[in-house]
Structure formats: C-alpha cells, structure tokens
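Residue numbers (this note's numbering), protein chains in the order written: chain Z, -15 to 368; chain V, 47 to 208.
Glycine included, C-beta positions come from ideal geometry on N, C-alpha and C.
All values derive from a computational prediction rather than experimental measurement.
Quick notes on the structure that follows.
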C-alpha cells in the first residue's frame, strides 16, 4: 500500500488483488444493506480517530485514560449546549433566509441556462431545429412538477429514517474510546500462535492507515476550504457577489465534495461556477476567474496539500481509483462513493498481510505442527 | 473485622506480580503495571510448539508466566542449545526497540504461558504515557548494558534471542 498497489510484492498473486477489489466492493454492498447501522458505525470510527489525539494530549498531562474521557465528555457536552443556544439559531436564520431566496435563485439559474442554450441555438442550426432551449425548459418544468414533489417527500422520509440511527454515533464513539484496547485484545485472542505477530502487525498497519486517512482528510478539507473560500471572496467581493462567510461556506461545500476523488472535485467546481453564474450572470470574467481558481486549488491540492496531509498512504493508480469510485457509486450510491477508497485501502493492507501469512510456508507449517501436537495430546490415552 | 483492610488496595494480579519482577519493568509502579496490562497479550504454547524462529522478524518481547522454554541456534551440523527460559524471565526484548531478525529459535519445552508485548503497542503507550515508555526503554537498555558488560568481561551470556 505504501509503495502503491502495483509495486507491492505480497500482492503479486492475482488472486489476492482480485480478492482485495471484490472484498472492498462486497463490503460496500454489505454496508449499504445495513446502512442504518453502518452509517453511524462509520461516523463513530471517524470520530474515534479524530478524538483520540485529544485524549492522548490529556493523558500527557498526567490524567488516566478514563479521567481523560470524562473530561472530554464534559467539555463536549458544555460545548454542545453553548452551540445549541448560540450558533444553532444563527444557522436556522441563515437557512430560512436561503429558503426565501431559493425561488429567486432558481429562476435566475433557469434564465442563465436558457440564455446559454439560446446562444448555442444561434450558432448551431441543428440545435435550433431540435428546439434545444424549449425542450430543456419543458423537461425541467415536468421534473419540478412531478418528480420534485416525490423527491421532497422521499427526502423527508429519509431524514426521519436516519435521525434515530444518528443518535447511535456518540454512544458508539464513547465505547470505542473507552473499550477499544480491550476489544482489540479480545479479537487477537482468537488468532493462532503461529500467525500472532504478523496479525498484530496487520492491526497496527490498518490502524495507522485509518488514522492517517481520517485525520489527513480533515486537514485537507480545512486547507481546501480556506484556499477556495479566500479565493472566492477575493474574486467576488469587488462586485458584492460573495460576502466572506458565503465564500467560506461555498469553499467548505466544494471541499466536502472533493472527498470523492476526481469526480467530487469536478462536481464541486460546477457548483461554484453555477453559484457565480446565478449571482453575476453577466460577469464572464468572474466565471473564468473562478474556473482558474479551481484549477489552481486542484494543483495545490495535488502537489502540496495531499502530500502534507493524507500523504501517499492511500495513493492508488488513477485508473483503479476511478473504476472503484464508479463501481462503489453504482453499488452503494453516495455511501459507496465516499467509502470506496477507504475500504480499498483497508482491504489492500488485509490482502498484503494475508499474502505474507498465507504464502509463508514456515508459518503454515508451524500451525500444522501445533494442530498435530493438539491432536496427539487429545488422543494420548486412547488406543488408536 | 479489620476495617483497615478496606483502605488497602486489592491484591495484585498474579501475572502482573510476575511481570513486576522482570528486569525490563522493574522501575514501573503498580499503576503503570496495570496500565501496561492492557497491552500484554496472554498466549499459551504446547510442549514442542515454536514461539518464534531464528531469522524471523521480531515484533515484540515475551515474559514467561509459567512453564519452560528452550532457545536454540542453528549450528554447522546441528542445533545448539543456548539455554532455558524460566518463569519470571523475558526474551526477545530487543524487538521492543526495533524490528530485527531473531537470533535464535524459541520452543516451549512444556505447556507454557507467556505475556507478549509488541513494539507498535509500546510506541502507542509511550505516546500517551511518555514516563512509562521511558521506564521500559530504560529497562531494555539496562538489560542490554548488563549483557554487554558480561560479554566484555568474558563471562558466559544469558539467553539472548534478539
């Protein structure tokens, strides 16, 4: 994994890398099937890796692990209460304002799209003959009239369905933080002696991979948000297109989209360009500047931010990455898109270690010898 | 009824008592040993079962709780027995500092229980409890120092397997 899939000798056996890909895709299907449980579980794992360094810091000051957890819980509860009293009303106000402005934004976006399509019709006669602009408008109206309402109802049902399972997140995180080490020991107890040291190494590598990935992704999201937010604010504040916090929010949305490699960045870019098109439809210069800003941040992301944060630990061949993302999206929707890469990372480490253990004849021989010893011991007093 | 007993700490876990006598952990206090316990893995070996092989990459050390083990090294013609490892002794401690090839094979002579401690877990423990990490690293260094001193003085070395 650290040197990339193709370079790793333990993945030379085709069966292993096929098993790695099948395992990752199979897990996406499985997680999607029990999504109500898997979603809070994944969130709890992410939170576990983000909170763990804070607890370690507390322990450095001399408190025991349980005391550190208690202090953290108390601080988190106080912060949640303060946030719900101060920040939440402001967020609800912003959302309500956005809701009021939504019809206006929607009309403006439609008008921009219609103008662009009409200009295409002006240049290409076949588009004019096909009635591109009118046809698109009719399709859009039909979608809003029919599917829009259905999607709205589905979304509300989706939220009602998901909210209770989200309550599991703090509960699961607490137990991961409190009993993680004991649980780890319990699992290792089942591993045969011959494979024990290698398995411990596997656990350590997996733990390291996940910790580096989740913490790295958080850092990357912060860097992307600040870069894009500041850039958008700088470009847009002259014409009053973006306020500081609007630009930061848009930067954050685009940074979150970028969690899905390649595809997410493109969607994030489109969202930002569409927002600019709605806010300043006549300003072609702004649109071009936003596109250039996006390309610049992508380059920064590729050559500076990612090596600084996520590192090269999860670097895969771009072909495998794109194929996995599309396959994950097909099998598990948004869920699959987000989980495809971390799961592939975990299964690659598992595949490597399985290869190292299974194709080591000495370890297998030692396990066989142990089985033989056990058999002899069990049949010692039997006349066989 | 002796009420003073209520204020006494509960008796120490027998396995932890063995660990406290091991040279590597001799500076650790009771609270530190109890913190360490979470990172010690109990393993049971049958008589004749190999714990690790010579040349295998070492990932951690073992403390013998009960039973007996034999350390051997490949010779020109046959295996050479380096010595026996008894309860209260540890082996493979150098692997706590760095992954390196084991220099001997260790086999259980009789049914044996050991507690295993692994380097990646020690590193994690030392990150959250540097004082304990320092004590263990110092313990390993002192064991190595004593070993080197004996070799320098021409005295026979005790069993060294990493």
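Please report how far the alpha carbon of residue i lies from the alpha carbon of residue j, in whole angstroms.
i, j, result
"residue 185 of chain V", "residue 73 of chain V", "8 Å"
"residue 234 of chain Z", "residue 88 of chain Z", "18 Å"
"residue 12 of chain Z", "residue 151 of chain Z", "22 Å"
"residue 69 of chain Z", "residue 39 of chain Z", "26 Å"
"residue -3 of chain Z", "residue 339 of chain Z", "8 Å"
"residue 10 of chain Z", "residue 313 of chain Z", "13 Å"
"residue 114 of chain Z", "residue 124 of chain Z", "16 Å"
"residue 308 of chain Z", "residue 325 of chain Z", "7 Å"
"residue 84 of chain V", "residue 187 of chain Z", "16 Å"
"residue 282 of chain Z", "residue 318 of chain Z", "22 Å"
"residue 122 of chain Z", "residue 112 of chain Z", "15 Å"
"residue 82 of chain Z", "residue 343 of chain Z", "59 Å"
"residue 167 of chain Z", "residue 180 of chain Z", "16 Å"
"residue 21 of chain Z", "residue 61 of chain V", "39 Å"
"residue 146 of chain V", "residue 46 of chain Z", "33 Å"
"residue 369 of chain Z", "residue 336 of chain Z", "Outside the displayed span of chain Z (-15 to 368) sits residue 369 of chain Z, for which this structure offers no information."
"residue 142 of chain V", "residue 287 of chain Z", "36 Å"
Could you have a look at residue i and say whether DSSP puts it in helix, strand or coil?
i, result
"residue 58 of chain V", "coil"
"residue 364 of chain Z", "coil"
"residue 88 of chain V", "strand"
"residue 63 of chain V", "helix"
"residue 349 of chain Z", "helix"
"residue 61 of chain Z", "helix"
"residue 128 of chain V", "strand"
"residue -14 of chain Z", "For residue -14 of chain Z, the pLDDT reaches just 39, beneath the cut-off of 50, and the residue's location in the model is therefore unreliable, although a value from the coordinates is still provided. Residue state, collapsed to three classes: coil."
"residue 98 of chain V", "strand"
"residue 359 of chain Z", "helix"
"residue 103 of chain V", "strand"
"residue -8 of chain Z", "Bear in mind that a pLDDT of 49 at residue -8 of chain Z, under 50, signals an unreliable position, so the number given afterwards is only what the model happens to contain. Coil."
"residue 24 of chain Z", "helix"
"residue 265 of chain Z", "coil"
"residue 164 of chain V", "strand"
"residue 87 of chain Z", "helix"
"residue 153 of chain V", "strand"
"residue 114 of chain V", "coil"
"residue 49 of chain Z", "helix"
"residue 305 of chain Z", "helix"
"residue 245 of chain Z", "coil"
"residue 293 of chain Z", "coil"
"residue 136 of chain V", "strand"
"residue 318 of chain Z", "helix"
Using the beta-carbon of each residue, which ones in chain V are nearer than 8 Å to residue i?
i, result
"residue 166 of chain Z", "84"
"residue 334 of chain Z", "Chain V residues near residue 334 of chain Z: none, gap ~17 Å exceeds 8 Å."
"residue 361 of chain Z", "92"
"residue 180 of chain Z", "87, 89 and 162"
Under 8 Å, Cβ to Cβ, is there at least one residue of chain Z near residue i?
i, result
"residue 94 of chain V", "yes"
"residue 164 of chain V", "yes"
"residue 106 of chain V", "yes"
"residue 73 of chain V", "no"
Have a look at the options and flag the residue whose alpha-carbon is nearest the alpha-carbon of residue i.
i, options, result
"residue 249 of chain Z", "Z:326, Z:303, Z:272 and Z:280", "Z:280"
"residue 86 of chain V", "V:57, V:75 and V:165", "V:165"
"residue 189 of chain Z", "Z:333, Z:358 and Z:108", "Z:333"
"residue 17 of chain Z", "Z:76, Z:315, Z:2 and Z:255", "Z:315"
"residue 197 of chain Z", "Z:182, Z:341 and Z:292", "Z:292"
"residue 144 of chain V", "V:158, V:169 and V:123", "V:169"
"residue 67 of chain V", "V:88, V:191 and V:79", "V:79"
Check whether chain V comes within 8 Å of residue i, counting only Cβ atoms and requiring the distance to be less than that.
i, result
"residue 188 of chain Z", "yes"
"residue 241 of chain Z", "no"
"residue 169 of chain Z", "yes"
"residue 343 of chain Z", "no"
"residue 366 of chain Z", "no"
"residue 195 of chain Z", "no"
"residue 350 of chain Z", "yes"
"residue 34 of chain Z", "no"
"residue 120 of chain Z", "no"
"residue 172 of chain Z", "yes"
"residue 286 of chain Z", "no"
"residue 354 of chain Z", "yes"
"residue 158 of chain Z", "no"
"residue 88 of chain Z", "no"
"residue 184 of chain Z", "yes"
Could you list which residues in chain Z have their beta carbon closer than 9 Å to that of residue i, in chain order?
i, result
"residue 176 of chain V", "44"
Quick one: list the residues of chain Z neighbouring residue i, beta-carbon separation under 8 Å, in chain order.
i, result
"residue 91 of chain V", "177"
Anything in chain V within Cβ reach of residue i, meaning under 7 Å, just list it in chain order.
i, result
"residue 346 of chain Z", "99"
"residue 340 of chain Z", "Chain V residues near residue 340 of chain Z: none, gap ~10 Å exceeds 7 Å."
"residue 358 of chain Z", "92"
"residue 161 of chain Z", "The contacting residues do not exist; residue 161 of chain Z stays about 12 Å from chain V at best."
Which chain Z residues sit within Cβ distance under 7 Å of residue i?
i, result
"residue 24 of chain V", "Residue 24 of chain V is absent from the model: chain V starts at 47 and stops at 208."
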